[in-house]
Structure formats: C-alpha cells, structure tokens
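As given, the protein sequences belong to chains P and E, one line each in that order.
To convert, count from 1 in the first sequence and add 47; that's our numbering.
To convert, count from 1 in the second sequence and add 47; that's our numbering.
Report on the following structure.
Protein chains: 2
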Amino acid sequence: MSKAASAPKGTGRKPASWTQDPEGVRRNILTVAKEEFVENGLSGARVDEIAARTATSKRMIYYYFGDKEGLYRAVLEEMYERIRGFERSLDLASLPPVEAMTLLAGFTFDYHAENPDFVRLVMVENIHHARHLATSDRIAALNLSAIDMIREAYERGVAAGLFRPGIEPIDIHLTISALAFYNVSNRASIRQVFGHDMGAPEALARRRAAAIDTLLRMLRA
Amino acid sequence: MSKAASAPKGTGRKPASWTQDPEGVRRNILTVAKEEFVENGLSGARVDEIAARTATSKRMIYYYFGDKEGLYRAVLEEMYERIRGFERSLDLASLPPVEAMTLLAGFTFDYHAENPDFVRLVMVENIHHARHLATSDRIAALNLSAIDMIREAYERGVAAGLFRPGIEPIDIHLTISALAFYNVSNRASIRQVFGHDMGAPEALARRRAAAIDTLLRMLRA
DNA sequence: GACCAAATGAACTAGATGGTACAATTAACA
DNA sequence: TGTTAATTGTACCATCTAGTTCATTTGGTC
Chain P
48 MSKAASAPKG
58 TGRKPASWTQ
68 DPEGVRRNIL
78 TVAKEEFVEN
88 GLSGARVDEI
98 AARTATSKRM
108 IYYYFGDKEG
118 LYRAVLEEMY
128 ERIRGFERSL
138 DLASLPPVEA
148 MTLLAGFTFD
158 YHAENPDFVR
168 LVMVENIHHA
178 RHLATSDRIA
188 ALNLSAIDMI
198 REAYERGVAA
208 GLFRPGIEPI
218 DIHLTISALA
228 FYNVSNRASI
238 RQVFGHDMGA
248 PEALARRRAA
258 AIDTLLRMLR
268 A
Chain E
48 MSKAASAPKG
58 TGRKPASWTQ
68 DPEGVRRNIL
78 TVAKEEFVEN
88 GLSGARVDEI
98 AARTATSKRM
108 IYYYFGDKEG
118 LYRAVLEEMY
128 ERIRGFERSL
138 DLASLPPVEA
148 MTLLAGFTFD
158 YHAENPDFVR
168 LVMVENIHHA
178 RHLATSDRIA
188 ALNLSAIDMI
198 REAYERGVAA
208 GLFRPGIEPI
218 DIHLTISALA
228 FYNVSNRASI
238 RQVFGHDMGA
248 PEALARRRAA
258 AIDTLLRMLR
268 A
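Now the structure itself:
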C-alpha cells in the first residue's frame, strides 16, 4: 500500500537516510489509528501504542493531526466518507420499489456484518455523544442521502399500490439500520447472555433474511 | 437513601468522629460509579473522580471492590440483576398471544427509552467484547428467561393459527431488542447525521408504535 | 473495659500518558 | 548551488492515574 509502511519492516526504525512520503505516512498512521480506536475506543486507545505500530514516530502523529482527538476525528471522517461512497454506488431509482427496498436492506445488512469496525466506531462515537461528528466540517459537508433514496423508492411503491401510505422515510431507515446494526454491535453480549453466536454463518444468513422480510412486511399494503 | 450519602454534604469530609455504615458506603460508591462508567466508559472513567463525588474516599473503593474493573463489574452485575427483576414481573403466560407480544415489545421499548444508562453500559460492555459479562459468576447465575417467555407465547400463537410457524424465538427477541436498543444507543449520531431527534416525544411515540407494529407483522400468519 | 476484626482516613508512589523542545534532513526551486 | 519550507528523528517532561502504605477509629464480644 503505502511506501512508508512497506519500507523498513523488521527493525521498525528507518535508515539514516530516508525519503519523504507525507501521504504514505499519513495513511499509515490513519490505518493503525483506526485499528486502535476500533479496538479500544477513544479513551482506551494509546497514542504511544499507535505510534509504536506505525512505520513512523509519535512526532508525526502530532505533526499531521494536532492531538489525539484530531487523529480520532480524521479516522471518523474517513469512515463516513467511505460509506458515502458506497451509498452513491447504489442505484435504487432504476429498480422497482420492492426490489429497491430489498436491495437496500440487504446491502445495509451486509455492510454492517462485513464491517464491524464501522459499527464499533459508531458505538464509540455515540458513547461520546457524537461530539466529534458535530464538530467536523468534513462530515457536515457529506450530505448523506440515504433518506432521499428511501423516500423516492417508497413513494413509487405507494403510487403503485404496493406499499401502504403514511410511513415516514426516516422510520424506514431506522428499521433497516437497527436490524443491521444491533446484531453486530451487541454480538458479544448476546453471545454471553444467550449463548447464541451471531457471527455463525447460518445465524447470520437467517438474520439477514429476517431483516429483509421484516422490512417488506412493514411496508406492504 | 444511604446514611453515608446524606451525612456531610457541604464539605465532603466526614467529621472527626464517624459512624460505620458498610452498606451505605457500598451503595454510595456504586451509585456514583455507575454514573461515571455510563458517562465515560470503563477506560474513560476516573477512579479519583468517582471517589471525589462519593461521600467516602478512594480507599474504600479498593477496600470493597478490589480494583477499577471489580467496581465496574459490580455495577454491571447490579444492572443485569435489575433487568432480571423486571423481566420476572412480566406475566406473559396469562395473556393471549397477540396481547403478550404487544406487551413485551412495548415494555422492552419503554425500558430502553427510560433507561439510557442501561443502554450505554451495554454498549460499553460490548466495546470490551463482553469480557466482564463472561467472567461474572453472578451474571452467569442469572438465567435471563426472555427467550423462554417468548417461546411460550409464540407457540400458543402458532397453535391458535395467529402466528406463522417456523420462526425462532431468538429471532423474535433480536427484532424486539434491536428496535428498542438502536434509537437509544445511536440517538446522538442519528441526530448529527440526519438532524432527527429521537428523544422528542412525538418521534419516540411514533417509533414505539412502529416497533410494535413491525413485530406483529413479522409474526402474523 | 479489654480485645480484635471490620471499617475508614490521609498521604504517598511507581509507572503510564499526552504532548513538546530542539535539531536535523529532505526536496523543491530560484 | 544556495535558500527555504516541508518533514522527520530523538529525547524529554509535566501531569495524571490506578493502586498502596500505614495508622486510626469503631463496634461487637467476652
């Protein structure tokens, strides 16, 4: 990936003579930082630990990101921008209403299941009352469009007599998200309390089908 | 509540001559600790801060709970035991299937909405991979019976031709919990990203109705 | 009222942690 | 080739933090 990350592996120390690679260093830091924040949260993550696992030094973290919170915010912003990219790639408008909703629910479920890192970071951010989302210009400029996409497909469905009227698009989104989010976010406690492993392929597949089915039943006229 | 907590308010220091009150001190510590862990998580909470807000001293925290994790575990155990108590108070078996499910979904939704502290602690514990739930004997002995209650009501519903067969009780539980948990756990980020305040009474009421309705539609034959 | 275990107070500490000072090296460009 | 801003390395520090030491007081028991 990044030049810096692939350069000196064994020692962890750069040679006396090195080559500049701002972007590489930045990426390398972000990658490691994400893992740390995902695993330990904002308060639990250690700057020294991040620095140690990096191909560069603690000095550079502060050079590029200012402080620990700045680094955390950068990680958060990157993650949300990534989602935004996936979201844009979905073309619900070209599908019939029921298929559009099925696709959206399935995609949302899969994205959460395949990206527990995302789920964990959102949990961490919520523990902190989304204070960093609130103060990030990059995220404010993002304009997540999930709700608009849902509204469009839903209204087509209502017009076609497939969906019952009177449902708020935000409620559709919340239902989809809740079902996708919960069994990733709470996988550990569910396993402890009920002895049920949500990570197992069969459990996951059944849950996926249930999520889609639940959504469609909620929408149907 | 506790004698210790109500004794010397202004100064925070006990008089030269004090009276022993083990249970009061214990309760006082647990109450303050819960607030701190709920607000800042396990890593973010500060033992000194907890001690300062207590009517007693840091010394007593370590005397009664061993270490920070011991205190956290005690808070967690108390919370789960409280849930268990509420759970037992529900008498689904004496209600018709549909009413039983409606009651359970409504109760679960309300409990989460009214106890964001509970939701936040569960989030914190999941960030830590439920490691403390796993090592707690008190919680292992709890035998949460939600699943059994659901199975009983569900099977009666199927027998009466009201519910469709083939649904796993755990899936019913997961659907109920997900819908109740998500809009409390993710309230902050939802508000930032979508500008939608889940705490507002109307939003909450609509969401409550949607949760119950969604569950019943999922179950109906 | 002497004795002892339980309960409590006050001060202290070793190590961790976020952050910095200072200096050196590199790369772009006149 | 000399100048300069952007990058990077090394060593360091002030403060915070979990946990402890040592001594004292209380309340029950014989």
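All residues carry an ideal CB built from backbone N, CA and C; glycine is no exception.
Since the structure is predicted, the reported quantities are computational estimates derived from the model, not experimental observations.
Which residues, taken in chain order from the region 167 to 180 of chain E, show a beta carbon closer than 7 angstroms to some beta carbon of chain P?
R167, V169, M170, V171, E172, N173, I174, H176, A177, L180
Does DSSP put E/R100 in a helix, a strand or coil?
Taking the first residue of the second sequence as position 1, residue 100 of chain E is located at position 53. Coil.
P/S53 - DSSP class collapsed to helix/strand/coil:
As a working note, residue 53 of chain P is residue 6 in the first sequence. The pLDDT assigned to P/S53 is 32, lower than 50, so where the model puts this residue is not dependable, and the model offers no usable value.
State the start and end residues of the unbroken alpha helix (DSSP H) segment that holds E/E82.
Counted from its first residue, the second sequence places residue 82 of chain E at position 35. First-last of the alpha helix (DSSP H) with E/E82: 69 to 91.
Bridge partners of E/R131, per DSSP?
As a working note, residue 131 of chain E is residue 84 in the second sequence. DSSP lists no partner for E/R131.
Can you tell me which of the three DSSP states E/R264 falls into?
Translated into positions along the second sequence, residue 264 of chain E becomes position 217. The answer is helix: DSSP assigns E/R264 an H, G or I state.
Just to confirm my understanding: we take E/F210, look at its own chain, exclude 5 residues before and 5 after, and list those with CB closer than 8 angstroms. What are they?
Residue mapping note: residue 210 of chain E aligns to position 163 of the second sequence, counting from 1. If we look at E/F210 and ignore the five residues flanking it on each side, its Cβ neighbours are P144, Y201, G204, L266, R267, A268.
Whole angstroms are fine: how far does the CA of E/G91 sit from the CA of P/G91?
For the purposes of this step, residue 91 of chain P is taken as the residue at position 44 of the first sequence. For the purposes of this step, residue 91 of chain E is taken as the residue at position 44 of the second sequence. Rounded to whole angstroms, P/G91 to E/G91 spans 7 angstroms at the Cα level.
Taking only beta-carbon atoms, is P/I259 less than 7 angstroms away from chain E?
As a first step, residue 259 of chain P must be located in the first sequence, where it is residue number 212. P/I259 does not count as touching chain E.
Sorry if obvious, but does the Cβ on P/A188 come closer than 6 angstroms to a heavy atom of the ligand ADP?
The ligand content of the structure shown is nil, which means the ligand ADP is not present either.
State yes or no: is the beta carbon of E/L251 nearer than 7 angstroms to at least one beta carbon in chain P?
Taking the second sequence and counting its residues from 1, the one referred to as residue 251 of chain E is at position 204. So no, E/L251 is outside the interface.
C-alpha gap between E/F241 and E/A247, whole angstroms
In the second sequence, counting from the first residue as 1, residue 241 of chain E sits at position 194. In the second sequence, counting from the first residue as 1, residue 247 of chain E sits at position 200. In a straight line, the C-alpha of E/F241 is about 14 angstroms away from that of E/A247.
Terminal residues of the alpha helix (DSSP H) in which E/P216 lies
In the second sequence, residue 216 of chain E corresponds to position 169, counting from 1. Segment 216 to 232, the alpha helix (DSSP H) holding E/P216.
Buried/exposed call for E/R73, threshold 16 Cβ in 10 Å:
Translated into positions along the second sequence, residue 73 of chain E becomes position 26. By the neighbour-count rule (16 or more Cβ atoms within 10 Å), E/R73 is buried.
Please identify, using Cβ separations under 9 angstroms, the residues of the region 188 to 205 of chain P that lie next to chain E, in order along the chain.
L189, L191, A193, I194
In chain E, which residues lie less than 8 angstroms from P/H243 when you measure between Cβ atoms?
Taking the first sequence and counting its residues from 1, the one referred to as residue 243 of chain P is at position 196. The contacting residues are I217.
When the Cα atoms are used, what is the spatial distance from P/L118 to P/R131?
Here residue 118 of chain P is taken as the residue at index 71 of the first sequence, counted from 1. Here residue 131 of chain P is taken as the residue at index 84 of the first sequence, counted from 1. A straight-line Cα-Cα distance of about 20 angstroms links P/L118 and P/R131.
Of all Cβ atoms in chain P, is any one closer than 7 angstroms to the Cβ of E/K61?
For this step, residue 61 of chain E is matched to residue 14 along the second sequence. Caution is warranted here: a pLDDT of 46 is assigned to E/K61, below 50, making its placement in the model unreliable, and the coordinate value is therefore given only provisionally. So no, E/K61 is outside the interface.
Looking at C-alpha atoms only, which residue of E/A160, E/A80, E/E249, E/A140 is the closest neighbour of E/E124?
Along the second sequence, one-based indexing puts residue 124 of chain E at 77. When each option's Cα is compared against that of E/E124, the closest is E/A80.
For P/N75 and P/A102, the rounded distance between their alpha carbons
To locate residue 102 of chain P, count along the first sequence from 1; it is residue 55. To locate residue 75 of chain P, count along the first sequence from 1; it is residue 28. Taking the straight line from one Cα to the other gives about 7 angstroms.
Can you check DSSP and say which residues form a bridge with E/F165?
For the purposes of this step, residue 165 of chain E is taken as residue 118 along the second sequence, with counting starting at 1. Answer is none; E/F165 lacks a bridge partner.
Looking at E/T155: is its Cβ nearer than 7 angstroms to the Cβ of E/I97?
As a first step, residue 155 of chain E is located in the second sequence; it is residue number 108 there, counting from the start. As a first step, residue 97 of chain E is located in the second sequence; it is residue number 50 there, counting from the start. Their beta carbons are not under 7 angstroms apart, which means E/T155 does not touch E/I97 by this criterion.
Kindly indicate which residue of P/L221, P/L262, P/D184 has the alpha-carbon position closest to the one of P/Y127.
Taking the first sequence and counting its residues from 1, one reaches residue 127 of chain P at position 80. The candidate whose alpha carbon is nearest that of P/Y127 is P/D184.
Amino acids of chain P, ordered along the chain, whose beta-carbon sits closer than 9 angstroms to that of E/G208
Residue 208 of chain E sits at position 161 when you count from the first residue of the second sequence. In chain order: nothing, as chain P lies at least about 18 angstroms away.
Between the Cα of E/R24 and the Cα atoms of P/A177, P/I186, P/A152, which residue gives the shortest distance?
Here chain E covers residues 48 to 268 and nothing more, so residue 24 of chain E does not appear.
Which residues, taken in chain order from the region 222 to 244 of chain P, show a beta carbon closer than 8 angstroms to some beta carbon of chain E?
So the close ones are T222, S224, A225, L226, F228, Y229, N230, S232, N233, R234, A235, S236, I237, R238, Q239, V240, F241, H243.
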